[in-house]
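Student:
There are 6 protein chains.
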Amino acid sequence: MNGFACKANFSASDFFFAGLAKPQPINNTLGSIVTLASVFQVPGLNTLGVSLNRIDFAPGGLNPPHEHPRATEILFVLYGELLAHFITTANVLVSVTLKQGDIFTFPKGLVHFETNIGKGPAASISGFNSQNPGREDIPTSLFAATPPVPDSVLSKTFQISYQEVDKIKSKIAGNP
Amino acid sequence: MNGFACKANFSASDFFFAGLAKPQPINNTLGSIVTLASVFQVPGLNTLGVSLNRIDFAPGGLNPPHEHPRATEILFVLYGELLAHFITTANVLVSVTLKQGDIFTFPKGLVHFETNIGKGPAASISGFNSQNPGREDIPTSLFAATPPVPDSVLSKTFQISYQEVDKIKSKIAGNP
Amino acid sequence: MNGFACKANFSASDFFFAGLAKPQPINNTLGSIVTLASVFQVPGLNTLGVSLNRIDFAPGGLNPPHEHPRATEILFVLYGELLAHFITTANVLVSVTLKQGDIFTFPKGLVHFETNIGKGPAASISGFNSQNPGREDIPTSLFAATPPVPDSVLSKTFQISYQEVDKIKSKIAGNP
Amino acid sequence: MNGFACKANFSASDFFFAGLAKPQPINNTLGSIVTLASVFQVPGLNTLGVSLNRIDFAPGGLNPPHEHPRATEILFVLYGELLAHFITTANVLVSVTLKQGDIFTFPKGLVHFETNIGKGPAASISGFNSQNPGREDIPTSLFAATPPVPDSVLSKTFQISYQEVDKIKSKIAGNP
Amino acid sequence: MNGFACKANFSASDFFFAGLAKPQPINNTLGSIVTLASVFQVPGLNTLGVSLNRIDFAPGGLNPPHEHPRATEILFVLYGELLAHFITTANVLVSVTLKQGDIFTFPKGLVHFETNIGKGPAASISGFNSQNPGREDIPTSLFAATPPVPDSVLSKTFQISYQEVDKIKSKIAGNP
Amino acid sequence: MNGFACKANFSASDFFFAGLAKPQPINNTLGSIVTLASVFQVPGLNTLGVSLNRIDFAPGGLNPPHEHPRATEILFVLYGELLAHFITTANVLVSVTLKQGDIFTFPKGLVHFETNIGKGPAASISGFNSQNPGREDIPTSLFAATPPVPDSVLSKTFQISYQEVDKIKSKIAGNP
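Protein chains in written order, with full-length UniProt numbering: chain U, 1 to 176; chain L, 1 to 176; chain C, 1 to 176; chain S, 1 to 176; chain P, 1 to 176; chain B, 1 to 176.
1) Going by Cα to Cα distance, which pick from U/Gln-163, U/Val-50 and U/Leu-142 is closest to S/Ser-130?
2) Starting from the Cα of residue 235 of chain B, find the closest Cα among B/Thr-157, B/Gly-60, B/Pro-148 and B/Ser-152 and give me that residue.
3) Of all the beta strand (DSSP E) runs that stay within the bounds of the UniProt domain "Cupin type-1" (18-166) of chain S, which reach a length of 3 or more residues?
4) Within 10 angstroms of its Cβ, does P/Gln-163 collect 16 or more other Cβ (buried), or is it exposed?
5) Going along chain S, which residues have a C-beta under 7 angstroms from U/Ile-125?
6) Could you give the DSSP three-state label for B/Phe-16: helix, strand or coil?
7) Does C/Ser-11 come out as helix, strand or coil in the three-state DSSP assignment?
8) What residue from S/Glu-114, S/Thr-88 and S/Leu-110 has the CA that sits closest to S/Lys-99's CA?
9) Compare the C-beta of U/Leu-142 with all C-beta atoms of chain L and state if any pair is closer than 9 angstroms.
10) Around the C-beta of L/Thr-157, are 16 or more other C-beta atoms found within 10 angstroms, so that it is buried, or is it exposed?
11) Would you call residue 177 of chain B buried or exposed, if buried means 16 or more other Cβ atoms sit within 10 Å of its Cβ?
12) Measure from the C-beta of B/Leu-154 to each C-beta in chain P and report whether the shortest distance is under 9 angstroms.
13) Using the Cβ count rule (16 or more neighbours within 10 Å means buried), how would you classify L/Ala-18?
14) So with CB distances below 7 angstroms, who are the chain B contacts of C/Ile-172?
15) Looking at S/Ala-84 and S/Phe-57, is the spacing between their C-beta atoms short of 9 angstroms?
16) Distance, Cα to Cα, P/Pro-107 vs B/Asn-9?
17) Could you tell me whether any Cβ in chain U is nearer than 9 angstroms to the Cβ of L/Asn-116?
18) Work out the CA separation of C/Thr-35 and B/Gly-44 for me, nearest whole Å.
19) Check whether the Cβ atoms of S/Asn-116 and S/Val-39 lie closer than 9 angstroms to each other.
20) Output the distance between the C-alpha atoms of B/Gly-101 and B/Leu-82, rounded to the nearest integer angstrom.
21) May I have the straight-line CA-CA distance separating S/Ile-33 from S/Ala-90, to the nearest angstrom?
22) Roughly how many angstroms separate the alpha carbons of L/Phe-4 and S/Asn-46, rounded to a whole number?
23) So, at 8 angstroms on beta carbons, what are the nonlocal neighbours of L/Gln-41 in its own chain, with the 5 sequence-adjacent residues on each side left out?
24) Identify the contact partners of P/Leu-93 in chain S, using a Cβ-Cβ distance below 8 angstroms as the criterion.
25) Strictly under 9 angstroms for the Cβ-Cβ distance: is U/Leu-52 near chain L by that measure?
26) So, under 8 angstroms CB-CB, L/Arg-54 and L/Ile-125 are touching, yes? Tell me the CB distance rounded to an integer number of Å.
27) Only counting the same chain, and skipping five residues up and downstream in sequence, which positions put a Cβ closer than 6 angstroms to that of L/Phe-15?
28) Compare the C-beta of C/Pro-139 with all C-beta atoms of chain B and state if any pair is closer than 9 angstroms.
29) Can you tell which of B/Lys-169, B/Pro-65 and B/Leu-48 has the C-alpha that lies nearest to the C-alpha of C/Asp-151?
30) Is the beta carbon of S/Val-146 less than 9 angstroms from the beta carbon of P/Val-92?
31) Using CA coordinates, which residue listed in S/Gly-31, S/Ile-26 and S/Glu-73 is at the minimum distance from U/Gly-127?
32) Which residues of chain U have a Cβ atom closer than 7 angstroms to the Cβ of L/Pro-65, listed in chain order?
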């Protein structure tokens, strides 16, 4: 296809988005929220292979372990202080402390997460080399999927009892 | 590079591998073991973008939740009966029962897992569209990384206590 | 496009296929038959860049010289014994004997072929790094095309007489 | 190569960079300065296909017409107010006014430029889908190359006299 | 998509084009004209990633500074004598004199231009690694866009007065 | 790698080649000769994904059935008259007559061939979307490989006797 089957008429607004400008309200247990600027929000990104997102963190907030199946992420701290990590395929945890303006890289498909370790709120902007990076969230994909992942799988995976599995499922389903 | 900086002299053995022919011994808690035929085992795969692996399952064995950062997987059942699943980025669990000779697809970067639901051992061969797909294993990356993922992150992610985190860590570290 | 213009609703069956499970009947002169599991049989492979096929061989059967324009192939022997070959662009013949469970690689676009050298039937499963590898079969493309390749071309190419060309054409057309 | 010939040992600092955190001094005629965070500054970006940069603008400052041969750019306004433009291959000028937090896209290889139209300084962060996007700056490539572009070419291109060409050359060489 | 959503029925004419066979009339100030053989003229090129064009030059004619956002170009001189140049991202001017049958390369996205330095007409055929390379023409994109690039931008970019900007605009608009 | 591990110092000559300018002497049975301008002859093509070649044809000359594993070809007739063909994966022969200046496309990996049907010599220039397209020549790969393709394979493939196989082998080995 290569940039061919696109809109017959376009305007500047197809390449523009204002939705990352302001912090979004954070009303969940984890204390973080992600706002996307991918091809769904910015139609002009079609075929161009790039997108952004914004993450807002409450004090102590966590963007929980997740990975992007189709993109590497490079994160820039707008304000606040973050502790950021990714885990390699050799199970090495790679960690940095990030202050305002620092950047860090999360290679394609590797599990990563960030915690707001500052006193106030924090926010970041990330660039992705896909117009639709996707996000596989580890806790909700495993403990809040529809239909649910069988207890037997989760019990064996994490070496916990069925009751412990069900307790996590009910907490995560209740507080995504 | 495009197939350029390769070996000056090659032989047929660079494109051959016998290491997937036999079941491998399974001596772990989960009851499964993966054998790779990627560019590290088959040097002729360099620049060719394809590889295979073999998975052996004990009765009841689980290949635990994991994803491949750089490849889609298409699995063929050599023998036995498997229950296979992947989870989409919308947290939909997609499941099938597979008998000998059936195939199933695990899209790039999505978390997936398989359980041997037959009475005897089972085995599969998978094709990947990368010479080095990589594997991010969810339980060991989160609970047995070096250095370890902080208890605070795992406690918040799975909404369990620090003691519960430490219990899982010690079990998984002891029985990878 | 990048994984975008896909089905609005999908099910597990889009990623599943049972058609490689059993040997297919072999009723041709060459003694081999190929069964595909590409995007046409497995619609969920769309945009994922991977596929499988199965080849069944009668004793002495030949999968004749051919190449895949859009994929490298990596072949695994299900049972039986094969003599497999590919020819490089420098006209080097690369050959191996393969037993059950052995694998061999056919680099993208290179002519290759396999013979069943065992006493009984043989079968293989191959992985491809394309959802639609294509197959250019050398004998039928040259001697059984529609419309036919001119006798003058084949006579000059193989340095044989027009009668010899016509004899091959009639045999291959009659016994594809 | 596909992520193969990388460093044998890496550390978190290979994926980190602090050089985009602060405004850079602007001591040129145009009133803007670009700071890179590409694979040269962030070695961990090797093979990952993504990078960032920061642009600082003095009041009235211009990031002059240029294009990136190897990447699409998606720009986020850190602070200030910008008037941003790109020109399509059909010579259509696409323009937007951007306030803090707004984003805009510059498709791969298209000439683009931004002006600070606010009262104070402005700054932006851009994501690129290449680890080394490159930058072809129109005024300096044409009027300050080494060796120089012939006067005859520039005279004919812009339909100006040789003296006018030389005047521009001397101004741009003196005030890059 | 990968070569999937193509025409249901095709014919040889989809892969054929006669439009590069003859010199095109040159009735512009610059003394050159480009004729395309891309996917728009040759529909069979869809998904194949290659195209050609022909450039005719009057004596002294210039193909003015431009770049192709989606392709590298490799030019072959059909007849005549050309002086060809490209400018690197480090502002190095790379130049060669080309006689009949010589070839020269213009890397993807780099500004380049050619002058007919022979006594008679000249012509070239170029190969591109895109079915739709695109062309960003520097003088017309900057001085004849619709709507026009602001005088303030061009004045600052080339360090010339508004009157000089307007004079170039009117000349280029009148003699594209 | 992505355009990274290139020469530290380059010159214009790395992007230039004069070797396609003149017809090459044709001293073989088939009556055609190919001259390459790929990355081996033009080192500046490294990472750029494009190349050219020239084919010279004696009257009646044939460029025999072959395919390029890594590129689509688009051919331009310099002079003379050619009958050109390719064969699809469905064994459809697609044919055109080409006069001076006409172009035709040979999709990646498909077998194709051209005959000079004019009274005098003919020549063509082709563009490829690879810096190293490769060429798998059907008659020499099958009948003049080292070591040789087994007679049993060729006998079965073309349904001819071992003597006929050996006759072709000796002719092609003697007159490549």
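Note that the Cβ used here is the ideal one computed from N, Cα and C, for glycine as well.
Tutor: Taking the coordinates as given:
1) Your numbering for residue 130 of chain S matches position 130 in the fourth sequence. Taking S/Ser-130 as reference, the option from U/Gln-163, U/Val-50 and U/Leu-142 with the minimal CA-CA separation is U/Val-50.
2) Outside the displayed span of chain B (1 to 176) sits residue 235 of chain B, for which this structure offers no information.
3) Considered as a whole, the UniProt domain "Cupin type-1" (18-166) of chain S harbours 32-37, 51-57, 62-67, 73-79, 82-87, 93-98, 103-106, 112-116 and 122-128 as its complete beta strand (DSSP E) runs of no fewer than 3 residues, in chain order.
4) Position 163 of the fifth sequence, counting from 1, holds the residue named residue 163 of chain P. The residue in question, P/Gln-163, is exposed, as its Cβ has fewer than 16 Cβ neighbours within 10 Å.
5) Residue mapping note: residue 125 of chain U aligns to position 125 of the first sequence, counting from 1. Here the neighbours are Phe-76 and Ile-125.
6) For the purposes of this step, residue 16 of chain B is taken as the residue at position 16 of the sixth sequence. DSSP places B/Phe-16 in the strand class (E or B) of the three-state scheme.
7) In the third sequence, the residue the question calls residue 11 of chain C occupies position 11. Coil, per DSSP.
8) Here the question's residue 99 of chain S lines up with position 99 in the fourth sequence. Ranking the options by Cα distance to S/Lys-99, first place goes to S/Glu-114.
9) Here residue 142 of chain U refers to the residue found at position 142 of the first sequence. Yes, U/Leu-142 counts as interfacial toward chain L.
10) Here the question's residue 157 of chain L lines up with position 157 in the second sequence. Burial call: buried.
11) Within the shown structure, residues of chain B are numbered from 1 to 176, placing residue 177 of chain B beyond reach of any answer.
12) The count along the sixth sequence starts at 1 and reaches residue 154 of chain B at position 154. Against chain P, the CB of B/Leu-154 has no partner CB under 9 angstroms away; the residue lies outside that interface.
13) On the second sequence, position 18 is the one that residue 18 of chain L refers to. The residue in question, L/Ala-18, is exposed, as its Cβ has fewer than 16 Cβ neighbours within 10 Å.
14) As a first step, residue 172 of chain C is located in the third sequence; it is residue number 172 there, counting from the start. Simply Gln-159.
15) Here the question's residue 57 of chain S lines up with position 57 in the fourth sequence. Here the question's residue 84 of chain S lines up with position 84 in the fourth sequence. For S/Phe-57 and S/Ala-84, no; Cβs fall outside 9 angstroms.
16) Mapped onto the fifth sequence, residue 107 of chain P falls at position 107. Mapped onto the sixth sequence, residue 9 of chain B falls at position 9. Between P/Pro-107 and B/Asn-9, the alpha-carbon positions lie close to 16 angstroms from each other.
17) Mapped onto the second sequence, residue 116 of chain L falls at position 116. Answer no: the Cβ-Cβ gap between L/Asn-116 and chain U never drops below 9 angstroms.
18) Within the sixth sequence, numbered from 1, the residue matching residue 44 of chain B stands at position 44. Within the third sequence, numbered from 1, the residue matching residue 35 of chain C stands at position 35. In a straight line, the C-alpha of B/Gly-44 is about 43 angstroms away from that of C/Thr-35.
19) Start at 1 with the first residue of the fourth sequence, and residue 116 of chain S comes out as number 116. Start at 1 with the first residue of the fourth sequence, and residue 39 of chain S comes out as number 39. Taking 9 angstroms as the Cβ cut-off, S/Asn-116 and S/Val-39 do not qualify as a contacting pair.
20) To locate residue 101 of chain B, count along the sixth sequence from 1; it is residue 101. To locate residue 82 of chain B, count along the sixth sequence from 1; it is residue 82. Whole-angstrom Cα-Cα distance: 11 angstroms.
21) For the purposes of this step, residue 33 of chain S is taken as the residue at position 33 of the fourth sequence. For the purposes of this step, residue 90 of chain S is taken as the residue at position 90 of the fourth sequence. Straight-line measurement puts the Cα of S/Ala-90 at about 29 angstroms from the Cα of S/Ile-33.
22) The residue given as residue 4 of chain L occupies position 4 in the second sequence. The residue given as residue 46 of chain S occupies position 46 in the fourth sequence. Low per-residue confidence applies at L/Phe-4: pLDDT is 37, beneath 50, and the placement is therefore not dependable, though the value from the model is reported in the following sentence. Approximately 19 angstroms, taken between the alpha carbons.
23) Counting from one through the second sequence, the residue named residue 41 of chain L turns up at place 41. Residues Phe-17 and Gly-19 of the same chain have their beta carbon placed closer than 8 angstroms to that of L/Gln-41, with the five preceding and five following residues left out of the count.
24) In the fifth sequence, the residue the question calls residue 93 of chain P occupies position 93. Residues of chain S passing the Cβ test: Ala-145, Thr-146, Pro-147, Pro-148 and Val-149.
25) For the purposes of this step, residue 52 of chain U is taken as the residue at position 52 of the first sequence. Judged by the 9 angstroms Cβ criterion, U/Leu-52 is not in contact with chain L.
26) Indexing the second sequence from 1 puts residue 54 of chain L at position 54. Indexing the second sequence from 1 puts residue 125 of chain L at position 125. Yes, L/Arg-54 and L/Ile-125 are in contact; Cβ-Cβ is about 6 angstroms, under 8 angstroms.
27) As a first step, residue 15 of chain L must be located in the second sequence, where it is residue number 15. For L/Phe-15, the CB contacts under 6 angstroms within the same chain, skipping 5 residues up- and downstream, are Gly-44 in chain order.
28) For the purposes of this step, residue 139 of chain C is taken as the residue at position 139 of the third sequence. It does: the Cβ of C/Pro-139 has a partner Cβ on chain B nearer than 9 angstroms.
29) Stepping through the third sequence from its first residue, residue 151 of chain C is reached at position 151. When each option's Cα is compared against that of C/Asp-151, the closest is B/Pro-65.
30) Translated into the one-based positions of the fourth sequence, residue 146 of chain S becomes position 146. Translated into the one-based positions of the fifth sequence, residue 92 of chain P becomes position 92. It should be noted that the sequence gives Thr, not Val, for residue 146 of chain S. Yes. Within cutoff.
31) Indexing the first sequence from 1 puts residue 127 of chain U at position 127. If we check each option's Cα against that of U/Gly-127, S/Glu-73 comes out closest.
32) As a first step, residue 65 of chain L is located in the second sequence; it is residue number 65 there, counting from the start. The answer, in chain order, is Leu-142 and Thr-157.
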